[in-house]
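Using numbering that gives the first Met the number 0, you'd call the opening residue of the sequence shown number 0 and step up by one each time.
Ideal Cβ placement from N, Cα and C applies to all residues, glycine included.
One structure below.
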Amino acid sequence: MNRIRHRLEGERNLRVRYIAPVRYNQIRGPFRVSIALEAPIIEWGRNRERWCFMHDLDDRSLVRLMDDFRAVSEERRSVD
Numbered sequence: 000m001n002r003i004r005h006r007l008e009g010e011r012n013l014r015v016r017y018i019a020p021v022r023y024n025q026i027r028g029p030f031r032v033s034i035a036l037e038a039p040i041i042e043w044g045r046n047r048e049r050w051c052f053m054h055d056l057d058d059r060s061l062v063r064l065m066d067d068f069r070a071v072s073e074e075r076r077s078v079d
C-alpha cells in the first residue's frame with residue numbers, strides 16, 4: 000500500500016503526494032505533466048491537488064503513461 004503525504008499550501012489548498020510505487024489506476028480523471036519542481040510530476044484531481052513524481056510510477060504505469068502521450072501526439076498530427 001502506498002504512503003501518502005499531505006501538505007497544506009496557503010490557507011486552503013491541500014496537496015496530496017503519492018509515494019512510490021504509484022500505479023496508473025491511482026491517477027483518476029484528467030492529468031497533466033508539470034516541471035514546476037526539481038523533477039517532472041503528474042498532477043490530477045480537482046485543482047490538481049493530487050500528484051506524484053513521474054519517477055515514482057511503477058514500470059508498467061510509466062509505460063502506459065508514455066503510450067497515452069504517444070496516442071495523443073499521433074491524434075494531434077492526424078488532425079493537421
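- If you draw a straight line from the Cα of Val15 to the Cα of Trp50, it is about 6 Å long.
- Bounds of the beta strand (DSSP E) holding Glu42 are Ile40 to Trp43.
- Partner residues in a beta bridge of Arg27, as assigned by DSSP, do not exist.
- Per DSSP, Arg76 is one residue of the alpha helix (DSSP H) stretching across Asp58 to Val78.
- A direct Cα-Cα distance of roughly 31 Å separates Ala38 from Ser77.
- Around Ile34, the same chain offers no residue with a beta carbon nearer than 6 Å, after the five sequence neighbours per side are excluded.
- By DSSP's assignment, Arg49 forms a beta bridge with Val15 and Trp43.
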